[in-house]
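Asks:
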Amino acid sequence: MKRRTFLSRSGRTATITAVAASLSNRLRAEEEAAGGAGYRHSACRWCYSGIELEDLCVAGKEIGLESIELVDPGDLALLAKHGLTCAMVNAPGATTAAGVKVGGIERSFNRVEHHDALVGAYEERLKAAANGGAKQVICFSGNRDGLADEQGIENCAIGLKRILPTAEKLGLTVVMELLNSKVDHRDYQCDHTAWGVELSKRLDSPNFKLLYDIYHMQIMEGDVIATIRDNHQHICHYHTGGVPGRHEIDDTQELNYPAIMRAISDTGYTGFVGQEFIPARPDKLASLKQGVEICSV
């Protein structure tokens with residue numbers, strides 16, 4: 001190649017590179033001006049139980065949170081006082097006629113004998129959540145305890161269909177969380193995305209969706225980004241957590257959270273991403289701030 005030709009081509013390449021860099025910078029500036037990703041930031045209350053809720057509200061606002069979640073309806077007024085909402089209200093507890101406590105992770109909708117108690121408790125919880133301005137209430141499948149997966153799906157559908165009319169009337173969504181049964185919640189039934197998606201399809205209701213917990217599903221099945229892309233229409237909420245250990249979501253663990261957050265954003269998601277890792281460092285709020293920054297892509 002002649003020197004003149006090389007310099008000419010090099011000049012064009014430099015111009016193209018400069019234009020591309022300028023466009024990239026402009027797009028980045030526009031994204032930042034628009035507030036970054038389309039989703040919003042939340043934090044799960046239980047991870048910061050050692051901090052007074054009002055103090056967490058104040059710090060959360062400074063960090064950039066719009067929500068503190070997994071609180072009871074009685075806490076919603078305090079959140080509102082600080083300009084925060086609750087992206088996901090706690091599940092209610094109840095006791096069956098046989099004296100069995102239900103509503104938590106281990107015992108819930110996958111047993112027909114739990115339904116009467118659960119329906120009454122959820123009717124009250126949905127109304128209280130709506131009165132406090134919340135839009136979503138969490139629920140669980142319950143443990144298998146020998147129950148076949150197909151029967152568990154069928155039983156959950158039977159019970160949830162009884163409360164979905166109330167959720168629809170109030171404009172709320174009942175959200176079942178996907179949890180791992182390998183490390184944290186042994187024998188939990190809704191432990192794979194496919195199980196939750198099948199339940200969602202059978203209910204076929206805009207008032208029922210899934211909470212895709214990235215930490216839990218990395219442990220159970222991996223393939224996080226592809227799973228989100230393929231099933232996002234059944235998901236209305238996300239949780240974070242570092243794998244292994246469920247601690248900070250930075251480069252001390254195996255998940256590439258910026259890539260995952262971009263994949264979530266690419267689906268058009270505009271809901272909340274809740275930080276649900278347990279800070280391992282002394283300054284828990286600094287870890288929370290870092291988590292929000294990592295997810296702000």
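For the sequence shown, counting from 1, position 59 maps to 59 in UniProt numbering; every step adds exactly one.
Quick reminder that beta carbons are idealized off the backbone N, C-alpha and C, glycines included.
With a threshold of 8 Å on Cβ separation, who are the neighbours of residue 321 within its own chain once the five nearest residues in sequence on each side are excluded?
Replies: Any answer about residue 321 is impossible in this case: the structure gives the chain only from 1 up to 297.
Asks: Closest to Gly291 by CA distance: which of Phe208, Thr227, Ile51 and Gly64 is it?
Replies: Counting from 1 along the sequence shown, the entry for residue 291 is found at position 291. When only C-alpha atoms are compared, the closest one is Gly64.
Asks: Would you tell me roughly how many angstroms separate the C-alpha atoms of His237 and Ala259, rounded to the nearest one?
Replies: Mapped onto the sequence shown, residue 237 falls at position 237. Mapped onto the sequence shown, residue 259 falls at position 259. Ala259 has its alpha-carbon roughly 17 Å from the corresponding atom of His237.
Asks: Between the alpha carbons of Val297 and Ala157, how many angstroms are there, rounded?
Replies: Taking the sequence shown and counting its residues from 1, the one referred to as residue 297 is at position 297. Taking the sequence shown and counting its residues from 1, the one referred to as residue 157 is at position 157. Spanning the two alpha carbons is a distance of roughly 36 Å.
Asks: Extract the residue ranges of the alpha helix (DSSP H) inside the segment 85–163, only unbroken runs of 4 or more that lie entirely within it.
Replies: 115–131
Asks: Count the other C-beta atoms from every protein chain shown that fall within 10 angstroms of the C-beta of Gly35, then say buried if there are 16 or more, exposed otherwise.
Replies: On the sequence shown, position 35 is the one that residue 35 refers to. Low confidence applies here, because Gly35 scores a pLDDT of 41, under 50, leaving its location unreliable; read the following figure in that light. With fewer than 16 Cβ atoms within 10 Å of its Cβ, Gly35 is classed as exposed.
Asks: Could you pull the DSSP bridge partners for Glu69 from this structure?
Replies: Here residue 69 is taken as the residue at index 69 of the sequence shown, counted from 1. Answer by DSSP bridge pairing, in chain order: Cys44.
Asks: Would you call the segment 170–180 and the segment 202–212 touching, i.e. three or more CB-CB distances under 8 Å?
Replies: yes
Asks: Which first and last residues belong to the beta strand (DSSP E) in which Lys209 is found?
Replies: Position 209 of the sequence shown holds residue 209. Lys209 -> beta strand (DSSP E) spans Phe208 to Asp213.
Asks: Per DSSP, what kind of secondary structure is Gly274 in: helix, strand or coil?
Replies: Residue mapping note: residue 274 aligns to position 274 of the sequence shown, counting from 1. Taken through DSSP and simplified to helix, strand or coil, Gly274 comes out as strand.
Asks: To the nearest angstrom, how far is the alpha carbon of Ala280 from that of Arg246?
Replies: Counted from its first residue, the sequence shown places residue 280 at position 280. Counted from its first residue, the sequence shown places residue 246 at position 246. Approximately 9 Å, taken between the alpha carbons.
Asks: Buried or exposed: where does Ala148 fall if 16 or more other Cβ atoms within 10 Å of its Cβ makes it buried?
Replies: As a working note, residue 148 is residue 148 in the sequence shown. With fewer than 16 Cβ atoms within 10 Å of its Cβ, Ala148 is classed as exposed.
Asks: To which residues of the same chain is Thr5 closer than 7 Å at the C-beta, ignoring the five residues directly before and after it?
Replies: Translated into positions along the sequence shown, residue 5 becomes position 5. At Thr5 the pLDDT is 48, less than 50, meaning the model places this residue with poor confidence and gives no usable figure here.
Asks: Rounded to the nearest angstrom, how far is the Cβ of Ala134 from that of Pro92, given a contact under 8 Å?
Replies: Here residue 134 is taken as the residue at index 134 of the sequence shown, counted from 1. Here residue 92 is taken as the residue at index 92 of the sequence shown, counted from 1. So it is not a contact: roughly 13 Å between Cβ atoms.
Asks: Buried or exposed for Arg229, going by 16 or more other Cβ atoms inside 10 Å?
Replies: Indexing the sequence shown from 1 puts residue 229 at position 229. Exposed, by the Cβ-count rule.
Asks: How is Thr166 classed by DSSP in three states: helix, strand or coil?
Replies: As a first step, residue 166 must be located in the sequence shown, where it is residue number 166. Reduced to three states, the DSSP call for Thr166 is helix.
Asks: Short of 6 Å in beta carbon distance, which residues of its chain neighbour Gly38, apart from the five on each side in sequence? Order them along the chain.
Replies: Within the sequence shown, the letter at position 38 stands for residue 38. Around Gly38: Ser265 and Thr270.
Asks: For the alpha helix (DSSP H) that Tyr257 lies in, which residues bound it at each end?
Replies: On the sequence shown, residue 257 is found 257 positions in, with the first residue counted as 1. Run containing Tyr257: Tyr257 to Asp266, per the alpha helix (DSSP H) assignment.
Asks: Excluding the 5 residues preceding and the 5 following Thr193 in the sequence, name in chain order all residues of the same chain whose CB lies nearer than 8 Å to its CB.
Replies: Position 193 of the sequence shown holds residue 193. Hits under 8 Å: Leu178, Leu210, Tyr212, Met217, Glu221, Thr227 and Asn231.
Asks: Could you please give me the residues that DSSP links to Met176 through a beta bridge?
Replies: Against the sequence shown, residue 176 aligns to sequence position 176. Per DSSP, the beta-bridge partners of Met176 are Cys139 and Leu210.
Asks: Using C-beta distances below 7 Å, list every residue in its chain close to Asn110, excluding the 5 sequence neighbours before and after it, in chain order.
Replies: One-based indexing of the sequence shown puts residue 110 at position 110. Residues of the same chain with a CB within less than 7 Å of the CB of Asn110, apart from the 5 flanking positions on each side, are Ser141, Gly142, Leu147, Gly152, Asn155, Cys156 and Gln189 in chain order.
Asks: For the segment 198–255, list the alpha helix (DSSP H) runs that are entirely contained and at least 4 residues long, ordered along the chain.
Replies: 214–220 and 224–231
Asks: For Cys47 and Glu276, which I take to be in contact (beta-carbon distance under 8 Å), what is that distance rounded to the nearest angstrom?
Replies: The residue given as residue 47 occupies position 47 in the sequence shown. The residue given as residue 276 occupies position 276 in the sequence shown. Right, the Cβ-Cβ distance comes to about 6 Å (below 8 Å), so this counts as a contact.
Asks: Taking all protein chains shown into account, do 16 or more other C-beta atoms lie within 10 angstroms of the C-beta of Ser200, making it buried, or fewer, making it exposed?
Replies: One-based indexing of the sequence shown puts residue 200 at position 200. Answer is buried; the Cβ neighbour count reaches 16.
Asks: Kindly identify the DSSP beta-bridge partner or partners of Tyr188.
Replies: Here residue 188 refers to the residue found at position 188 when the sequence shown is read from its first residue. According to DSSP, Tyr188 bridges with Asn143.
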